[in-house]
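Structure first, then comments.
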Ligand SMILES: Nc1ncnc2c1ncn2[C@@H]1O[C@H](COP(=O)(O)OP(=O)(O)O)[C@@H](O)[C@H]1O
Ligand SMILES: [Mg+2]
């Protein structure tokens, strides 16, 4: 089982988009998939409610809610047998986001980033929080970036690239900016499940992300320590 948490303190960068598209993609490949939602806004949970019954199922847990009357937290948080991927969506901001616990509960942290200068700088700060507060490297967690709505290469993006390189954090996917993501979100689908032929190229994004995750599973199974563990935590970040 691989536990993937989607995190970035910045709102609107695509956490729910990544969590829901990845969950439906994994389910459609025939893997047992669970989707945990820690955001009180419940966007992932709403997406799952809208998901048509005939689509491959995803087991949803509204983790931000208290357990239903008469049940325990352990029961609410249970993961069905044969689950291969556990994907966790998290809220924006620092208040409701328990970085330390979410990192501790995961194997891989996926960080969606928008290409604006403001987003890039706040993401660099967030990566520092993951490393220092979340002790992500010390706990042998793997961090990776997914760049979202990237149309043009900006100078800020190049600075982020250098910062990520210095930390050996890979960019494992690029999400196109397209209406398909809005349409899919409304219907409880992933973009790869849309009928429009123009959405087909977007399926490739999720294929790539899943391939990368599977390589992580193999690496973890083989007990290989990432070379980047030996690196010190950079304190510089992209210069302003
Ligand atoms: N690549 C994209 N193309 C088009 N719309 C997108 C894309 N990524 C996100 N959106 C839309 O932007 C809004 C914010 O994305 P969301 O995934 O909810 O961010 P977060 O969960 O980080 O707050 C949503 O309405 C979502 O459908
Ligand atoms: Mg969200």
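Residue numbers (my numbering): 54 to 293.
Glycine included, each C-beta is placed from N, C-alpha and C at the ideal position.
| query | result |
| --- | --- |
| heavy atom of ligand 1 below 7 angstroms from residue 200 C-beta | no |
| beta-carbon residue 235 near ligand 1 non-hydrogen atom, thresh 7 angstroms | yes |
| Which of helix, strand or coil DSSP assigns to residue 3 | Because residue 3 is not part of the residues shown, which for the chain are 54 to 293, the question remains open. |
| Buried versus exposed call for residue 211 [16 or more other C-beta atoms within 10 Å across all chains shown] | exposed |
| Segments assigned alpha helix (DSSP H), at least 4 residues, entirely inside the region 67-93 | 68-81 |
| Distance between residue 65 and residue 168 (C-alpha atoms, nearest Å) | 12 angstroms |
| Per-residue DSSP class, three states only, for residue 282 | Any answer about residue 282 is weak, because its pLDDT of 45 lies below 50 and its placement is not dependable; what the coordinates show is given next. Residue 282: helix per DSSP, three-state reduction. |
| For residue 228, the first and last residue of its enclosing beta strand (DSSP E) | 224-228 |
| Beta-carbon separation (whole angstroms), residue 166 vs residue 201, contact threshold 8 angstroms | 7 angstroms |
| Proximity test, residue 92 beta-carbon vs ligand 2 heavy atom, cut-off 7 angstroms | yes |
| CB-CB length for residue 127 against residue 90, believed under 8 angstroms | Rounded, the Cβ-Cβ distance is 18 angstroms, inconsistent with contact. |
| Beta-bridge pairing of residue 56 - partner residues as DSSP gives them | 139 |
| Reference residue 73; option with closest CA among 55, 95, 62 | 95 |
| Neighbour-count burial assignment, residue 246, 16 or more Cβ in a 10 Å radius | buried |
| Nearest candidate by alpha-carbon position, reference residue 143, set 129, 137, 117, 122 | 117 |
| Residue nearest to residue 68 in terms of C-alpha spacing, selected from 257, 158, 199, 191 | 199 |
| Residue 69 CB to nearest heavy atom of ligand 2 below 7 angstroms | yes |
| Beta-carbon spacing of residue 88, residue 103 below 8 angstroms | no |
| Beta carbon of residue 295 nearer than 8 angstroms to that of residue 112 | Limits of the chain in this structure are 54 at one end and 293 at the other, which puts residue 295 out of reach. |
| Distance, residue 179 Cα to residue 188 Cα | 12 angstroms |
| Check: residue 170 C-beta below 7 angstroms from any heavy atom of ligand 2 | no |
| Exposure of residue 248, with buried meaning 16 or more beta-carbon neighbours within 10 Å | exposed |
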